[in-house]
Every structure is written in C-alpha cells, then in structure tokens.
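Beneath this line is the structure, given in structure tokens, with notes to follow.
In full-length UniProt numbering, the protein residues as written are 1 to 126.
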C-alpha cells in the first residue's frame, strides 16, 4: 500500500488552491491596449463589430472574488454588446458550453494580440 504524501504548500501560495498569492496582476498598458481593437469574442448574433466600444473584459477565474476583479491576464478584448451578454447585463440564451467556448476563444485571441503588440513576452518564442 502506498503511503499518501503530506502536501506542503509552496512558500507564498494559498493552501488548498494550488495558486500563488503574489498580488493582483494589473497593467494599464494591457487595459489601454484594448482601445480600437476588434472584439475577440465575436459572439454569433450578438457582436456589433464596433471597435470604438472595445474594452478589456475581465473573465471569471480563481483570482477574482468579493470586490476584486480578475487579473488582467484573465481577460479579452470585447465590444459592448458581447461584454453585456457575458456579464449578464443583457439577456442571452446560452447553450451548454457555449459561454465557456466564447470566453476561452476571446482570451486566447487576446493573448495572441498582446504578444503581437509586444505587451506579452513568452520566453523561447520569437
């Protein structure tokens, strides 16, 4: 029989969450870079394609909580229409898995765009 190992949290981590508590990741440069960008969610039948309404939309993750927004890396460029349905400020009949699909797609597209703009640097990637 294998004896279970004792789980010891890493220094600076929050026990039981598997994440480091190194403070909120916030960047004015990332937030400001959303201005004039295309919506990366592009929710079918919702997206208005207006780049003048694009903002950095924070997505739910383990870094947010009561009175605390998610980190700026858990976000995507979104038009006001897509942002409103994702936040629940506008009605939308989500199908199972659809909301998660659009949030993930928007975040990945945004991370790629941030890399193109030089705001996200990944070691080993040219």
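Yeah, the Cβ is synthetic: ideal placement off N, Cα and C, and Gly gets one too.
**OP:** Have a look at the DSSP bridge pairing and note the partners of residue 78.
**Re:** Taking the chain shown and counting its residues from 1, the one referred to as residue 78 is at position 78. As DSSP reads the structure, residue 78 sits in a beta bridge with 55.
Original post:
What is the DSSP secondary structure of residue 30, counted as helix, strand or coil?
Top reply: Locating residue 30 in the chain shown gives position 30, where the first residue counts as 1. If DSSP states are grouped into helix, strand and coil, residue 30 belongs with the helices.
Original post:
Roughly how many whole angstroms lie between the Cα atoms of residue 59 and residue 109?
Top reply: Your numbering for residue 59 matches position 59 in the chain shown. Your numbering for residue 109 matches position 109 in the chain shown. So the two alpha carbons sit approximately 14 Å from each other.
Original post:
Closest by CA to residue 89, which one among 100, 104, 46?
Top reply: Counting from one through the chain shown, the residue named residue 89 turns up at place 89. The shortest C-alpha separation from residue 89 is found at 46.
Original post:
Using DSSP with H/G/I as helix, E/B as strand and the rest coil, what is residue 102?
Top reply: Start at 1 with the first residue of the chain shown, and residue 102 comes out as number 102. Shown here, residue 102 sits in a helix according to DSSP, grouped into three states.
Original post:
Given that a residue counts as buried once 16 or more other Cβ atoms are within 10 Å of its Cβ, and exposed if not, what is residue 116?
Top reply: As a working mapping, residue 116 is identified with position 116 in the chain shown. Exposed is the call here.
Original post:
Is the distance from the Cβ of residue 106 to the Cβ of residue 70 below 7 Å?
Top reply: As a working note, residue 106 is residue 106 in the chain shown. As a working note, residue 70 is residue 70 in the chain shown. No; because the gap between Cβ atoms is not below 7 Å, this pair is not in contact.
Original post:
Quick one, which of 78, 72, 29 has its alpha-carbon nearest residue 23's?
Top reply: Counting from one through the chain shown, the residue named residue 23 turns up at place 23. Selected option, being the one with the closest Cα: 72.
Original post:
In angstroms, rounded to a whole number, what distance separates the CA positions of residue 128 and residue 41?
Top reply: Outside the modelled stretch of the chain, which goes from 1 to 126, sits residue 128, for which no answer is possible.
Original post:
For residue 48, which residues from the same chain have a beta carbon less than 6 Å from its beta carbon, with the 5 sequence-adjacent residues on both sides left out?
Top reply: If you number the chain shown from 1, residue 48 lands on position 48. Around residue 48: 79, 81.
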